[in-house]
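Undergrad: Using full-length UniProt numbering, the first residue of the sequence shown is number 1, and each one after it goes up by one.
Even for Gly, the Cβ is constructed at its ideal location relative to N, Cα and C.
Structure provided below as structure tokens; questions to follow.
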Amino acid sequence: YCSTSSNDLISRRGVFSRRHYGSVELLPQVEANGQDVIGRRFRVESGETLGKDEIFGSPSTPVLENPEYQTRWYFKYFLGKLHQNYVGVDSEKVPFFLSVVLTDTNSQCVPQYRVILWKKTGARKICLTYTPNKPLTVKQILSNFPNMEKLEKGPKEIFSPDIQKDLLLLEEQEGSVNFKFGVLYTRPNQVTDDEMFSNETGSVEFERFTALLGDKIRLKGWDKYRGGLDIKGDMTGKYSVYTIYEGHEIMFHVSTLLPYSKDNKQQVERKRHIGNDIVNIVFVDGGPSQMANFNPSSIKSQFTHVFAVVSYSAEDQSYRLAVYSEESVPLFGPSLPCPSVFREPGDFREFLLVKLINGEKATFNTPIFAQKRERTLDMLIKDLCSEQLGDSSRATMLNRRAFSDVLPDAPRGSRRKEEARQVEFVRIGQALKLETIVKGDAPTSLATTGLYKRAPWEPHCFYPDFAHEILCGDSWGESKLVLSTESGVFVVEDGLSHKQIFDKSVSIKQLTVVEAHGILLFRADKDFLEAHVFCTNPLVLNLPAGTGETYKVGSGSFHSGKEFSIGFPGRPHCSPSRHLQILLIAGRDSKIHVFRLSDFETDSNEVFTRAELKEHKLDRTRGCTMYAISRPGGSHLRMVISIGKKLLVMQWRHSAAWTAWCPASDTDTVEGFQYLKEISLTESPTLITLVDCTTATSAGGAADNTICIGYKHQFDLVSERTGEISKLFAVQDGIRAHLVASLDLYEDEEPELLLCYNNTCHFQKISDSTSSNEFDFHWNSIPSDIVCAFPYVLAFTSDSMEIRLIINGNLVQTMAMPKLKLISFKNDIFFATTAPEFFQSKSERLHMDIKLDGKEVSLSPPSSPHCERGFSQSQLESPRKARPFRLYRIPLHALSGLVAACERRCPTPTPEPVQETSSATLSPTCRLLSEPPRGISRSCSSSPTPQSFLPPSSK
């Protein structure tokens with residue numbers, strides 16, 4: 001069914017394009033004598049790779065990928081706190097280390113485990129839920145990682161505090177928190193690297209550009225990050241350019257500031273620094289027309305992988321940018337705006353720095369760097385493992401305790417020794433942390449730039465005070481939500497109070513608002529009790545004696561308030577209770593119901609009850625466990641319903657185009673759905689997703705739509721037309737699979753699936769029968785819901801939201817939000833949480849973090865994963881029971897980089913042109929930092945971002 005805006009349609013259909021990040025080209029290498037030799041393949045980003053028919057903007061918001069203050073867990077969450085470390089060998093005889101700490105969820109007083117598994121392939125991290133009085137064992141924790149369930153020998157706990165320094169060294173192998181970038185000045189028509197490196201001085205525009213990058217500093221006596229430059233004898237020049245961006249110290253190796261030799265045409269000293277930088281900035285003098293003359297193959301460096309080509313246009317006082325990356329470098333953001341023109345110097349500086357930092361991080365994942373890192377980690381881990389496993393001098397009884405064991409009855413002397421060890425352990429960890437901070441290698445600083453800028457995923461408060469816990473919901477137009485709770489179903493409207501539309505007798509577990517046809521679909525549960533009565537004496541029923549069998553007298557089902565009775569023919573005065581056996585079976589019976597949205601648009605406060613559901617029941621749907629509907633954009637609304645081991649396929653009888661022309665005539669409810677077919681399965685699915693084929697038979701093509709089903713440990717594809725089932729993807733053996741979601745995505749009109757299980761996401765081409773783990777990525781927690789909004793993919797857990805880039809799986813943000821519940825992502829993303837706004841007039845209702853039971857509560861994490869010091873009993877068992885829920889919205893156009901929100905008309909689905917300013921006439925500020933008007937909220941703050949991360953003006 002059609003959307004009201006092509007921009008909105010693209011975003012909602014999960015369309016994404018890697019073409020935003022350039023195309024790979026073979027660039028010939030030119031020698032000084034003019035001869036061509038074998039060139040190198042580069043991915044070229046120029047901001048002009050998109051066709052003119054593209055109907056959504058470039059997602060060019062500059063965001064740091066894998067920010068160290070969120071990825072360096074050991075430094076942030078373990079050092080300075082009491083935690084446990086283990087060493088062991090897996091089933092393939094590969095050594096590993098395991099670190100575990102019980103901490104709170106970003107000061108939200110929600111205890112959870114944080115776990116790091118150290119292996120030669122890198123550190124794997126995961127957050128695990130803490131259950132009071134049920135501490136996890138090592139085996140249970142390791143079972144969350146692939147191939148770690150079956151170990152010949154359990155890992156050994158390490159008690160030496162010196163292990164912290166070794167593990168910190170392992171974490172630092174991920175890469176430096178500081179960066180050095182080369183800056184090469186080129187004059188017009190220079191094509192060889194000898195010519196470029198021989199420029200003794202730069203132009204006025206180049207000097208202005210280097211001043212934009214950072215501060216010019218005197219190298220002699222410099223006491224901060226030096227990026228390999230000499231700070232004692234001016235051997236690498238007297239001056240350099242230095243800056244700090246979001247806690248990262250950056251030293252620029254500027255070619256005109258490095259030593260120049262008139263006798264050395266190759267300028268070896270300059271090449272020694274700039275040629276050994278992973279990322280180079282190439283400033284092309286003479287205007288944008290000269291940018292095409294630069295060829296990265298002319299730079300004879302096997303180490304430099306990313307070239308950012310910059311020019312300045314004096315005509316419109318703007319900067320132009322193009323980026324060349326070696327083919328082996330994974331995709332990285334931000335993608336260049338189209339066109340790649342920056343008129344605001346400050347915005348250009350931020351965009352460029354973020355692109356450079358992300359480019360260097362991406363380069364470390366190329367095969368050559370990844371192999372070097374793996375060899376280094378393998379050597380370090382093997383040395384540490386042999387040292388720890390070979391040291392038997394400390395093999396005391398204390399060392400052999402299980403992960404979850406406590407020692408309440410230990411002798412007083414042993415307890416004192418253990419307490420002294422814990423104190424020393426924490427002291428050494430704190431000293432290591434302080435030493436790292438003093439050296440400038442701490443991955444925690446957010447100083448300078450970017451801290452107070454609004455992120456594209458910043459939520460807006462939609463409704464500040466909702467008293468009920470939400471079971472499910474959906475958005476209704478631009479300003480309404482339909483929410484199902486244990487207390488009934490409510491319609492919540494932005495700026496108004498909520499009203500109830502169903503009472504609590506209607507238990508809705510899944511609902512969908514289809515504005516295009518003006519209907520509300522929902523799956524409602526009804527508790528039932530089945531009674532089966534058996535008679536053990538045939539004479540009671542006047543049956544022939546001697547049969548010796550038990551006869552079924554009757555059966556029936558009834559609900560609360562109804563009676564169930566069975567008569568006995570021929571013996572009306574008999575009291576056969578002692579000859580009867582009654583089998584009672586309790587359960588829930590689910591059906592799908594269809595209502596018109598107009599039923600809830602009246603001014604009356606009518607509340608529907610279970611009695612009104614009967615005439616709105618959709619036939620054939622009794623016993624259904626879930627359903628899925630087609631995405632907007634198809635010719636007809638389709639629905640597939642799961643009932644045991646079968647699927648029902650139904651379709652709305654009116655096309656979207658017909659409803660758009662005659663909205664007043666589309667007044668059907670259950671009679672609007674037409675039964676198409678039934679498909680038998682071998683297993684009952686736990687999730688289903690409709691996948692639209694762009695050449696479906698409904699559109700005149702040859703292929704048909706498919707249904708993705710998930711069950712047990714695998715995902716299958718079911719042909720909607722033939723019912724044929726084909727295997728799509730199976731979770732690797734040895735992994736206990738928990739299927740989370742299957743999202744249909746579309747790149748260049750080719751459908752593919754994002755399959756999510758446990759904390760892993762896997763891309764699977766529908767047209768490709770083989771499965772590759774090349775693009776798998778892992779969440780830090782096991783999500784309950786996944787949402788894709790290009791260029792981001794969001795994971796929702798019960799207490800956090802994690803945001804990553806869909807093109808590479810890199811982390812960009814993690815936000816702690818207690819009692820988090822995703823409501824809808826059909827248009828904008830709506831969710832509910834209890835954090836962290838408070839109302840002064842209602843403070844008596846709210847649970848306060850500062851004091852509990854009249855006592856000050858320590859926010860420091862407990863001493864170990866099986867020790868709960870630092871958390872009160874009320875915090876461990878039932879935190880924040882009194883807090884109301886706040887409903888938030890993340891605008892989809894902000895995530896997708898669109899300039900303004902799309903205009904929509906509901907329920908009419910007619911596509912309407914959106915008046916949108918041409919991207920060519922927009923300033924970079926409008927494209928990069930677009931923000932919709934913030935409506936007046938009845939809350940103190942309009943964002944659930946913790947107050948410590950907000951600028952002073954917003955506190």
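(1) Just to confirm the assignment, what range does the alpha helix (DSSP H) spanning Leu-257 have?
(2) According to DSSP, Asn-85 sits in a beta bridge with which residue or residues?
(3) Just checking my contact of Leu-637 with Ile-629 at CB under 8 Å: how many whole Å lie between their CB atoms?
(4) In or out: Asp-474 buried (at least 16 other Cβ within 10 Å) or exposed?
(5) Can you tell which of Ser-325, Pro-111 and Leu-142 has the C-alpha that lies nearest to the C-alpha of Glu-25?
(6) Which same chain residues, not among the five before or five after Glu-205, have their C-beta less than 7 Å away from its C-beta?
(7) Would you kindly report the start and end of the unbroken alpha helix (DSSP H) that includes Phe-351?
(8) If contact is defined by three or more beta carbon pairs under 8 Å, each pair taking one atom from either stretch, is the segment 783-795 in contact with the segment 114-121?
(9) Specify, as a first and last residue, the run of the alpha helix (DSSP H) that Thr-376 falls within.
(10) Does the segment 653-664 come close enough to the segment 721-734 to have 3 or more Cβ pairs within less than 8 Å?
(11) To the nearest angstrom, how far is it from the Cα of Gln-70 to the Cα of Leu-895?
(12) I'd like to know if the segment 371-386 and the segment 290-303 are in contact, where contact means that at least 3 CB-CB pairs between them fall below 8 Å.
(13) Could you check what DSSP says for Ile-278 in three-state terms: helix, strand or coil?
(14) Pull up the distance between the alpha-carbon of Gly-346 and that of Leu-212, whole angstroms please.
(15) Compare the Cα-Cα distances from Leu-128 to each of Thr-103, Trp-118 and Asn-147 and report the closest residue.
(16) Going by beta carbon distance, what residues of the same chain come within less than 7 Å of Ser-340, once the five residues before and after it are set aside?
(17) Does the segment 173-192 come close enough to the segment 236-251 to have 3 or more Cβ pairs within less than 8 Å?
(18) So is Asp-166 buried or exposed if we call it buried at 16+ other beta carbons inside 10 Å?
(19) For Glu-200 and Gly-359, I'd like the C-alpha separation in whole angstroms.
(20) Report the option in Tyr-888, Lys-372, Trp-222 and His-778 whose CA atom is closest to the CA atom of Lys-120.
(21) Taking Cβ positions, are Ile-782 and Leu-717 nearer each other than 8 Å?
(22) Within the continuous beta strand (DSSP E) that includes Leu-805, where are the two ends?
(23) Assuming Glu-493 contacts Ser-479 under a Cβ cut-off of 8 Å, what Cβ separation, rounded to an integer in Å, is found between them?
(24) Take the Cβ of Asn-133 as the centre, count every other Cβ of all protein chains shown within 10 Å, and call the residue buried at 16 or more, exposed below.
(25) Report all residues from its chain with a CB closer than 6 Å to the CB of Asp-316; omit the five preceding and five following residues, and keep chain order.
(26) Tell me whether the beta-carbon of Val-649 lies closer than 8 Å to the beta-carbon of Ile-688.
(27) Could you tell me whether the segment 94-102 touches the segment 72-86, where touching means 3 or more Cβ pairs closer than 8 Å?
(28) Please go through the segment 419-471 and give each complete beta strand (DSSP E) segment of 3 or more residues, from N-terminal end onward.
(29) Taking C-beta to C-beta, are Phe-522 and Gln-510 nearer than 8 Å?
(30) Determine the direct distance from the alpha carbon of Lys-433 to that of Asp-90, and round the result to whole angstroms.
(31) Could you check which residue in Thr-667, Glu-246 and Gly-275 has the C-alpha nearest to that of Pro-443?
(32) Going by other Cβ atoms of all chains shown within 10 Å of its Cβ, with 16 needed for buried, is Tyr-675 buried or exposed?
(33) Rounded to a whole number of angstroms, what is the C-alpha to C-alpha distance between Trp-658 and Glu-515?
(34) With a threshold of 8 Å between beta-carbons, can Trp-118 be considered close to chain C, or not?
(35) Mark Pro-188 as exposed unless 16 or more other C-beta atoms lie within 10 angstroms of its C-beta, in which case mark it buried.
(36) Considering Lys-165, what are the terminal residues of the beta strand (DSSP E) in which it resides?
TA: Taking the geometry as given:
(1) Looking at the DSSP string, Leu-257 is not in any alpha helix (DSSP H), and its letter there is neither H nor E.
(2) Ser-99 and Ile-158
(3) With a Cβ gap of about 6 Å, Leu-637 and Ile-629 count as contacting.
(4) buried
(5) Ser-325
(6) Answer for Glu-205: Asp-285 and Tyr-312, listed in chain order.
(7) Segment 345-363, the alpha helix (DSSP H) holding Phe-351.
(8) no
(9) That run of the alpha helix (DSSP H) goes 367-389.
(10) no
(11) When only Cα atoms are considered, Gln-70 and Leu-895 end up about 20 Å apart.
(12) No, they do not touch.
(13) coil
(14) Linking Gly-346 to Leu-212 through their CA atoms gives a straight-line distance of about 8 Å.
(15) Thr-103
(16) Excluding residues within five positions, the ones whose Cβ falls inside 7 Å are Ser-46, Gly-47, Arg-320, Leu-321 and Ala-322.
(17) yes
(18) buried
(19) 28 Å
(20) Lys-372
(21) no
(22) 800-805
(23) 6 Å
(24) exposed
(25) none
(26) no
(27) yes
(28) 460-466
(29) Note that the C-beta distance between Phe-522 and Gln-510 is below 8 Å.
(30) So the alpha carbons of these two residues sit roughly 30 Å apart.
(31) Glu-246
(32) exposed
(33) 14 Å
(34) In the structure shown, chain C cannot be found, because there is only a single protein chain.
(35) exposed
(36) Looking at the DSSP string, Lys-165 is not in any beta strand (DSSP E); the run it does join, the alpha helix (DSSP H), is 163-172.
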